[in-house]
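The listed protein sequences derive, respectively, from chains A and B.
Residue 1 is where the first sequence starts when you use this note's numbering, and the numbers rise one by one after that.
Residue 331 is where the second sequence starts when you use this note's numbering, and the numbers rise one by one after that.
Glycine residues also receive a C-beta, built at the ideal position from the N, C-alpha and C atoms.
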Amino acid sequence: MDISDQRIDELLNSYIDGELDAGQQTEAEQLIAHDEKIAQRLRQLQKCKILLGSLPIDEAPAEILENVKASLAGSTRIDEQTLIFDQQIGTRYLLVRKVLSAAAMIALAAVLSAVIYPILAPQTVPEGPVAVEDGRLPEEVDVTAPRASVVVASRFSGRLELKTSARASVDAFIKRAIADNGLSDSITQTHRQDRRIYSLSCSREDLSLLLAEIGYIWPRLDKATLFVDTEIFGQQVAIEAVTTEQITEIVNQNNDQKYIDLARDFAVLNDMTERLPGREILSAIEGGSYSLAPQWLVPKPILTGKREAIRKSAGQGRDKEKVRLTIVVD
Amino acid sequence: MTEAANMDIRQQQDSNGRISIDDTVLIEQYRHGDSDALERLIIKYQNRIYNVILKICADPNDAAELTQETFVKIIENLSKFEGRSSFYTWAFRIAVNLTLNYCQRTAKLSLRSLDAEDEQHDSQTRRVLKDFLSDDSSPDPVAVAQNKELYEIAVKALMKLDDAQRTVIVLRDIEGMNYARIAEVLKIQLGTVRSRLSRARSKLRDIMEAI
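Below is the structure:
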């Protein structure tokens, strides 16, 4: 098609669409009236337009309105929390005392676990028989030292299982957080039965930013468990009631063995915290009672110009070692 | 009824300004705390936005998700909406941008490769298409509307166009926007709309002839 044909096509299309001024309209009508080829071309173009225009209109799924509301619930909830915080400032001092008590208990538990765990944790012993000479172990065999040779994990890899009764809004919130952090390219989303699965492979920095953002949905969760892959294939460390801060701390360990050790420590610590006598106070503060919890949730930070800078630094780290985390929302 | 008069009624509503006025009222009501106004706004546009997105991205699940995302984005940015363009234009700009970005990112347009699917057109469908294309008389919109076999071919042919051409043709022939509004939605020159639409229709015809 040469330039003249293209121009005629444009003229005819604009004629069909009623987009010509009076002069162009006359020009088009004369061309159509005096040239049968052009008249035929006009009919061809009209057919295309009519065919597409007669395609049936597809109706949007009925649940769109509800899903939009659920998506928005995540962001408006934070505003509501700020409002509640202002309105109920009188209860603040009482809660401060409870929080301090809880913090003291957690600190105590941490100290206890640091003391007890090395005692209770199974010692690593060499496999197979060990040659003993004169009743002494050979000097090069250290029964208390962990076997460095079994560490084969090269980077953090784990699965975060979130159970919630508000799946739609939690799911929507996570999706938004992924988009906000520019991680859509690093994530594969799949549906399996009623579960939503996000498989993430990104830098530590990116994962930390994402975790910081999705931390706001924690009060909506019934259960959060992190399964950390260990050096032994098929064996994982399960951390019940895990927090985003704990995950971030684990992920940010540079040494491969360190993150597994830290995961084990957190697993013990969280388990002990669950069994502590003051648990009812903790649960009242951390989400067992929604009348108390929202006041102590940190409001979502307001985006400012500095966010861009943070994102850039995260982006720069993207090429570094990648970590893998699968988030399962159930 | 002339072709110009046969334009989508929705287009006429636009030119009469009825949609814009209603939208402005609904937006103001929402800004004053009336959440029902927001629901009405969503209900009013959800089918049209979904329909346009679906015709561009071809996947009903993706289209539903993108429609939802479009409304979330609209609502989140409603406070910044200054009314320089109409709400209708603004909303469709968001929808189209989200859809094109999503399609590029996820390469969901694999449907464009129709080589295998072409085999599925039976002789009856091919005959209907051939008759439709070779018939030299003026097209009858009523007869076309009854020809269900042609729909499937039209949608597949549409998916063979590149993103830009498909978008402009969907906005014009399916959503019924005029050239000026398409230019506003896509933020391109009026002349570009004209030439792009012309090339798109020409290519669409070639694609259908090749089937």
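Alpha carbon to alpha carbon, how far is B/Arg378 from B/Ala393? Give it in angstroms, no decimals.
11 Å
Distance, Cα to Cα, A/Lys69 vs A/Ser199?
26 Å
Close-in-space but distant-in-sequence residues of the same chain around B/Ile518 (CB under 7 Å, 5 per side omitted)
none
How big is the Cα-Cα spacing for B/Phe462 and A/Glu321?
58 Å
Using a Cβ-Cβ cut-off of less than 7 Å, give me the residues of the region 515-533 of chain B that come near chain A, in sequence order.
Arg524, Ser525, Leu527, Ser528, Arg531, Ser532
Closer than 7 Å at the beta carbon, the chain A residues around B/Ala425:
The contacting residues do not exist; B/Ala425 stays about 12 Å from chain A at best.
Can you pull the chain B neighbours of A/Pro56, defined as C-beta to C-beta under 8 Å?
Tyr481
With DSSP run on the structure shown, which of helix, strand or coil describes A/Gln235?
coil
Straight-line gap, B/Phe411 to B/Asp353 (C-alpha atoms, nearest Å):
12 Å
Out of B/Thr429, B/Arg524, B/Leu408, B/Glu479, which has the shortest C-alpha to C-alpha gap to B/Leu356?
B/Leu408
Residue from B/Lys533, B/Leu527, B/Glu514, B/Arg526 with nearest C-alpha to B/Ala421:
B/Glu514
My assumption, with CB atoms under 8 Å, is that A/Val323 sits in contact with A/Cys202. Please give the rounded CB distance.
7 Å
Return the residue from the list B/Asp366, B/Met538, B/Arg524, B/Asn427 that minimises the CA-CA distance to A/Asp331.
Chain A is shown only over 1 to 330; residue 331 of chain A falls outside these bounds and no answer can be derived.
CA nearest to the CA of A/Leu162, picked from A/Ala109, A/Phe227, A/Leu120:
A/Phe227
Would you say the beta carbon of B/Leu491 comes nearer than 6 Å to a heavy atom of the ligand MG?
As for the ligand MG, it is missing from this structure, which has no ligand bound.
Below 7 Å between beta carbons: does that hold for A/Ala214 and A/Ile247?
Before going on, a small fix: residue 214 of chain A reads as Ile here, not Ala. No, the Cβ-Cβ distance between A/Ile214 and A/Ile247 is not below 7 Å.
Residue burial classification, A/Lys331 (beta-carbon count within 10 angstroms, cutoff 16)
Since the first and last residues shown for chain A are 1 and 330, residue 331 of chain A lies out of range.
Between the Cα of B/Gln434 and those of B/Ser528, B/Ala494, B/Leu488, spot the shortest distance and give me the residue it belongs to.
B/Ala494
Please name the residue, chosen from A/Asp185, A/Thr225, A/Asn181, A/Asp222, that lies closest to A/Glu205 on a Cα-to-Cα basis.
A/Asn181
Just the C-alpha distance for B/Ile373 and B/Val485, rounded to the nearest angstrom, thanks.
26 Å
Is it buried or exposed, B/Gln376, if we count other Cβ atoms within 10 angstroms and call 16 or more buried?
buried
Against chain B: residues of the region 262-276 of chain A by CB proximity under 7 Å:
none
Cβ of B/Leu384 within 7 Å of any chain A Cβ
yes
Three-state secondary structure (DSSP) at A/Lys69?
helix
What in chain B is Cβ-close to A/Cys48, meaning under 7 Å?
Arg531, Leu534, Arg535
Return the residues of the region 350-371 of chain B that lie within a Cβ-Cβ distance of less than 7 Å from chain C, sorted by chain order.
Absence of chain C from the displayed structure is noted, the protein chains being A and B.
Around the C-beta of B/Leu527, are 16 or more other C-beta atoms found within 10 angstroms, so that it is buried, or is it exposed?
buried
Where DSSP assigns a beta bridge to B/Cys387, which residues make up the other side?
B/Cys387 is not bridged to any residue.
Neighbour flag for A/Ile247 against chain B, beta carbons, 7 Å
no
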